[in-house]
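Keeping their order, the protein sequence lines are chains F and V. Residues in the first sequence are numbered from 1 upward in steps of one, following the numbering used here. Residues in the second sequence are numbered from 460 upward in steps of one, following the numbering used here. Note that beta-carbon positions come from the ideal geometry of N, C-alpha and C, so glycine has one too.
Protein chains: 2
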Amino acid sequence: MEKLTTRELKDRLGELQGQEVELKGWIRNHRKQKNMGFIDFFDGTCFRNPQVVYDEHIEDFAGIQALRVGSAVRVTGRVVPSYKDPETPEIQATSVVLEGDCPEDYPLQPKRHTLEFLREIAYLRPRTRVFQAVFRVRSVAAMAIHTYFQDRGYVYVHTPLITGNDAEGAGNTFTVTTLPPEEQGDPSKDFFGKATSLAVTGQLEGETFAMAFSNIYTFGPTFRAENSNTKTHAAEFWMIEPEIAFCDLEQLMSLEEDFLKAIVSYVMERCPDELKFLDQFTGGGLLDKLTALRDSHFARVTHEEAITILRKAMENGTEFKFEPVYGGDTAKEHEKYLTEEYFHSPVFIYDWPKEIKAFYMYQNEDGKTVRGVDLLVPGAGELMGGSQREHRYDLLEKRMDEMGISKEDMYWYLNLRKFGGCVHAGFGMGFERLLIYLTGVENIRDVIPYYRTPMSCDF
Amino acid sequence: MEKLTTRELKDRLGELQGQEVELKGWIRNHRKQKNMGFIDFFDGTCFRNPQVVYDEHIEDFAGIQALRVGSAVRVTGRVVPSYKDPETPEIQATSVVLEGDCPEDYPLQPKRHTLEFLREIAYLRPRTRVFQAVFRVRSVAAMAIHTYFQDRGYVYVHTPLITGNDAEGAGNTFTVTTLPPEEQGDPSKDFFGKATSLAVTGQLEGETFAMAFSNIYTFGPTFRAENSNTKTHAAEFWMIEPEIAFCDLEQLMSLEEDFLKAIVSYVMERCPDELKFLDQFTGGGLLDKLTALRDSHFARVTHEEAITILRKAMENGTEFKFEPVYGGDTAKEHEKYLTEEYFHSPVFIYDWPKEIKAFYMYQNEDGKTVRGVDLLVPGAGELMGGSQREHRYDLLEKRMDEMGISKEDMYWYLNLRKFGGCVHAGFGMGFERLLIYLTGVENIRDVIPYYRTPMSCDF
């Protein structure tokens, strides 16, 4: 008798018809009739779960009927044609053995729980259908990203999490220390002999590797100690930051477009059942949205052109809460208009006013703009942010001076421009933002196994 | 004219013979003769680098001869048969254009630098041959691990880095805070409303996902604030921690063996040039060692049997600094004897004395030992540590009491044993320890892009 996972059962369903098999997993639901019973069985390896049917001729019928939701069981039985639909496996059980019991007060009863309630029992929620779908998609999307870059020869770089740099000059970082509070006045006594914090980006270290391997990517955690309780902010999240030597802004946009379409395709191919469920769970439209993105052509406009479009829309009666201004940032409502009303596609906005972008972006000849680019997508807003990097030593130095960034601390970053520097570019994408897009789930707390947000660090 | 990476050039060398191509990269070495010159060119996409040859007929011969080591250049030329060996590409240049200059005092001159010196210029060392090999192997090994688990349906889980648990009851953790020192007395005022630290393991959260997906793995950073300056300790390193439901200790050992052999095979197949170089660089024996591991059968002995073997060896004249004792831990010299002298293969030691192992390991009926297992490999010592987990609520509770681990904080971990618990097991492997093994490089500082060790947090 073959011991199988439900994934193997589903993949080999035709061949296994009539065979005896053994499965191990849990009871999601258990419906009982006088002479038979139906167990919704899952082991988490497959979203398409088999139904286990037993009748009164089974040994210990009464004992089996007493099995509770949440219990771990070992099922043996024959694979039979399903009443429901031909692709959902069904097992006519010859035995159901209890592996691990579950009490009556098990919090995950077979009814619809709110996502808010499920956050309180985050250690159990992966057993629900919605989180079986979400966290499978998370895993498959991570693999999609690795596969994309590795197939193209990129080197995966683990940039450091504990850092002595304050890379974006930002603040909003977590302090890392081993000193008791009373000794923290002297960082030279600390573990690393200096003040350290958790990294907000791996880009700058990533650039050092791009200057050696040409094509690299990072995929690791980053941290923001931002005290904002929104649906899209977490204190700990994962980022993907590719960096490419001999690549300019145009080539970067082409890479971003190709990359995003490839990830979406990969997940759609490998998680059809999960996405179908999430489509229904989130009210419909998810699959259409993903299909549209995969098949679309991404528009490209300068920031100035984008503002012109927005201002014309305003003149023609579109109401914005915030006025779109040349030289200023765009608001969510503007992004929504551009992607959903005007272009009906993802949009790259590039050549941003330098005042509102980071110090390392390549400065255009107009003296006003930098070669930064944001990718906006319908239904999600900004998904990626990238730029061609300033590779001219003197211009970078001047900009660091203007923005008060320490050239002493960042000597190595500046030196990349002195030792065989070259045109290069890269982008960053928050992994959870991608997952919100891929799953249709709205809150970042529901796409992270154990989220960290202000006042919340459980499990 | 085709624009290529050196990887494409190498992969398509036969087909490209006689063609004009363009390459972009850096000058590793530049040898000049009166009427010609030779550039060792690299772009980091391939370890087998082309030689670029030019002669006095090239435009701006004098300018090209003046190009310095470390400069970024764009080379165009014809692919020609190589003098050296048929698999190393050679380009007869028609132009060499400077993309980014490099000064005479560039620290990476074409001579052998010590690894210690290269650590001081860690932002440049990925450009050297040894680190081109090491960090390519690091990237490929990471992909090997993802591929292994994803091909088998495992779910990749990102466990949290900032944690309120002190999982191993260990101490030696980094404090994470946003409070100034004078306010740290009251953790309720801190960002998360409680005291938090950096995670030393993701295992316990991993178990919660194994109880939902059956087969999961983590692959992420972990942290130890251990003040030890050794070749094998870093404060920040990456760990792989698979967790498998319905898996006992025997099955776990089989998985570990299959996994390790698969990773070694994957890297050997994809990095032959890198490993060949590292074999020579580290004094020979690396490829033999990896081949032997891949083709070996891993021995399995209990801790008691291992001690018996060691004590017999001692009686027969083998000298140990530390006496092997029943009930005690093994020393490096013991591990070396077992793998290299006695078994001549990797060895699993299982059923350890419970006093020297973690609280969560399954307790054997003898009342003395637990179902923990260490994998020792020749030339590296302990590479993986795993166990069947204690899934019996009452026994786990008792052990937590005995070891002073808070049942209140860890209620969710205990509850896994109440809500459909089952036999399960998992192991942990330090990624850098694997890399030391795979590359032959001795010091953990040389397999991490930017290492963090006591008093050292640069770049």
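- Judged by DSSP secondary structure, residue 136/F falls within the alpha helix (DSSP H) whose first and last residues are 129–151.
- The three-state secondary structure of residue 30/F, taken from DSSP, is strand.
- Beta-bridge partners of residue 96/F (DSSP): 75/F.
- Taken atom to atom, the span from the alpha-carbon of residue 735/V to that of residue 588/V is near 12 Å.
- In this structure, 485/V is the residue among 861/V, 485/V, 865/V with its C-alpha nearest to the C-alpha of residue 527/V.
- Every alpha helix (DSSP H) stretch that sits fully inside the stretch 170–214 of chain F and reaches 4 residues is listed by chain position as 203–213.
- For residue 911/V, the residues of chain F that pass the 8 Å Cβ criterion are 160, 162, 192, in the order they occur in the chain.
- Annotation for residue 883/V: the continuous beta strand (DSSP E) segment containing it runs 883–889.
- Put simply, the CB of residue 830/V is far from chain F, with every gap to its CB atoms at 8 Å or more.
- With 16 or more other Cβ atoms from the protein chains shown falling within 10 Å of its own Cβ, residue 289/F counts as buried.
- Residue 221/F is bridged by DSSP to 238/F.
- In the structure shown, residue 510/V adopts extended strand secondary structure according to DSSP, grouped into three states.
- Counting along the chain, residue 726/V sits inside the alpha helix (DSSP H) bounded by residues 708–729.
- Secondary structure within the stretch 814–886 of chain V: the alpha helix (DSSP H) runs of 4 or more consecutive residues, fully enclosed, are 852–861, 870–874 (chain order).
- Contact note: residue 609/V reaches chain F through 143, using a C-beta cutoff of 7 Å and chain order.
- Put simply, the CB of residue 43/F is near chain V, with a gap under 8 Å to one of its CB atoms.
- Bounds of the beta strand (DSSP E) holding residue 761/V are 758–761.
- Counting only the Cα atoms, residue 440/F lies some 43 Å from residue 898/V.
- Cβ proximity to chain F below 8 Å picks out 655, 657, 664, 667, 668, 670, 671, 672, 673, 674, 679, 680 from the stretch 654–680 of chain V.
- Against residue 637/V, the close residues of chain F are 172, 173, 174, 175, 225, 227, in the order they occur along the chain (beta-carbon pairs closer than 9 Å).
- Around the CB of residue 482/V, 16 or more other CB atoms lie within 10 Å, so the residue is classed as buried.
- For residue 358/F, none of the residues of chain V pass the 7 Å Cβ criterion, the least Cβ distance being about 19 Å.
- Interface annotation for the stretch 58–89 of chain F against chain V: 70, 71, 72, criterion Cβ-Cβ distance under 7 Å.
- For residue 643/V, the neighbours in chain F by C-beta distance under 7 Å run, in chain order, 181.
- Against chain F, a Cβ distance below 7 Å from residue 485/V picks out 420.
- Neighbours of residue 236/F in chain V, taken as residues at a C-beta separation under 8 Å, are given in chain order as 619, 620, 621.
- The beta-carbon separation of residue 690/V and residue 902/V, rounded to 5 Å, stays under the 8 Å limit for a contact.
- Looking at the DSSP output, residue 353/F sits in a beta bridge with 369/F.
- A Cβ of chain V is located within less than 8 Å of the beta carbon of residue 124/F.
- Residue 404/F counts as exposed, since fewer than 16 other C-beta atoms from the protein chains shown sit within 10 angstroms of its C-beta.
- For the pair of segments examined, the stretch 207–223 of chain F was found to touch the stretch 581–600 of chain V: the number of CB pairs separated by less than 8 Å reaches three.
- Comparing alpha-carbon positions, the option among 525/V, 490/V, 603/V lying closest to residue 728/V turns out to be 603/V.
- Residue 655/V and residue 682/V have their C-alpha atoms spaced approximately 13 Å apart.
- Interface residue (Cβ-Cβ distance to chain V less than 8 Å): residue 139/F is classified as such.
- If you check the CB distance, residue 72/F and residue 99/F come in under 8 Å.
- For residue 40/F, the enclosing beta strand (DSSP E) covers residues 36–42.
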